[in-house]
Amino acid sequence: MAKRGRRYQQAKSEIDVERVYHPLHAVRLIKSQELTRFDPTVEVHLRLGVNVRHADQQLRGTISLPHGTGKQVTVAVFAEGDKAREAEAAGADFVGGDDLAKRVQEGFTDFDVAIATPDMMGTVGRLGRILGPSGKMPNPKSGTVTFDVGKAVEDVKAGKVEYRTDRAGIIHLGIGRRSFDERQLIENYQAVLEEIVRVKPAAAKGKYLKSITIAQTMGPGVPIDTTRTTAADVLEEPAA
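In this note's numbering, the protein residues as written are 20 to 259.
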């Protein structure tokens with residue numbers, strides 16, 4: 020294992036591993052720790068009590084973060100005719116049909132999100148081996164296969180993010196930048212928490228929110244109290 024740097028070790032020493040933090044306190048702790056020369060992403064990691072071997076316990080969907088992610092999102096749209104013009108008007112960075120698919124087959128993947136109209140999925144489907152492993156394959160569940168391409172592009176640009184459980188039943192999401200103020204980060208966190216609680220599978224047994232951790236890029240994780248799930252619990256300053 021690579022040896023951690025001095026700043027990381029200092030930041031880790033400031034985290035009490037014997038406690039779980041109120042979300043506001045966790046955000047403040049992360050914002051007080053300057054570990055990188057760039058503006059890092061603040062990430063939330065939710066370990067869920069789901070069995071992802073069963074399809075009805077696999078979670079996948081989208082969340083519109085109220086304050087966005089702080090990241091400039093690059094969008095590619097597979098569409099033709101009027102829908103291509105609609106995507107361009109909405110701010111899509113790359114738009115095309117067979118020509119764009121050919122570029123991807125030749126190795127072009129310099130975009131964060133791909134959107135496709137349903138009639139283009141016959142063409143886009145052949146790109147699964149390229150787009151699938153990086154999570155860029157358009158999918159109806161995430162709203163990226165749609166004829167309403169203008170709205171889809173606008174939503175993604177405004178901060179709509181996709182989530183899904185990994186093989187260990189964990190969801191990993193960026194909720195903003197360290198430079199965001201604490202209210203922006205905590206409101207984005209609350210939006211994520213509300214969505215994940217809302218989509219709890221009926222088949223899930225036992226404790227659902229097993230653990231929640233937030234961290235900044237290249238920084239140690241701060242454990243959060245999983246019992247604080249309502250807006251009042253998360254957004255309001257805890258009593259002394």
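No residue lacks a Cβ here, since even glycine has one placed at the ideal position from N, Cα and C. These numbers were taken from a predicted model, which means no experiment stands behind them.
Runs of the alpha helix (DSSP H) lying entirely within the segment 63-142, each at least 4 residues long, are 101-109, 117-124 in chain order. Under DSSP, ALA234 shares a beta bridge with GLU62. Taking the C-beta atoms as reference points, PRO85 is found nearer than 8 Å to GLU206. Assignment of ILE194 by DSSP, reduced to helix, strand and coil, places it in the strand class.
Put simply, the backbone Cα of ASP58 is about 19 Å away from that of GLN29. Your pair VAL63 and ILE233 checks out as a contact, with CB atoms roughly 5 Å apart and the cut at 8 Å. Beyond the five residues adjoining it in sequence on each side, LEU119 comes within less than 7 Å, by CB distance, of ALA95, PHE97, PHE113 in the same chain, given in chain order.
Note that the C-beta distance between THR88 and GLY162 is not below 8 Å. Comparing alpha carbon positions, the residue from ASP138, LYS31, ASP185, LYS170 closest to PRO152 is ASP185.
Bounds of any beta strand (DSSP E) do not take in ILE149; it lies within the alpha helix (DSSP H) bounded by 147-150. For the pair GLY195 and VAL92, the CB atoms are not nearer than the 8 Å cut-off. ASN158 and VAL175 have their C-alpha atoms some 14 Å from each other. For the set PHE130, ARG56, THR246, the Cα lying nearest the Cα of LEU212 is the one of THR246. ASP75 is positioned such that its CB atom lies no closer than 8 Å to that of ALA187. Counted as a single uninterrupted DSSP element, the alpha helix (DSSP H) harbouring LYS170 occupies residues 168-177.
Around GLY240, the same chain offers THR232, ALA234 as residues with beta carbons nearer than 6 Å, after the five sequence neighbours per side are excluded. Rounded to whole angstroms, the gap between the alpha carbons of PRO137 and LYS102 is 11 Å. The bridge partners DSSP lists for LEU228 are LEU67.
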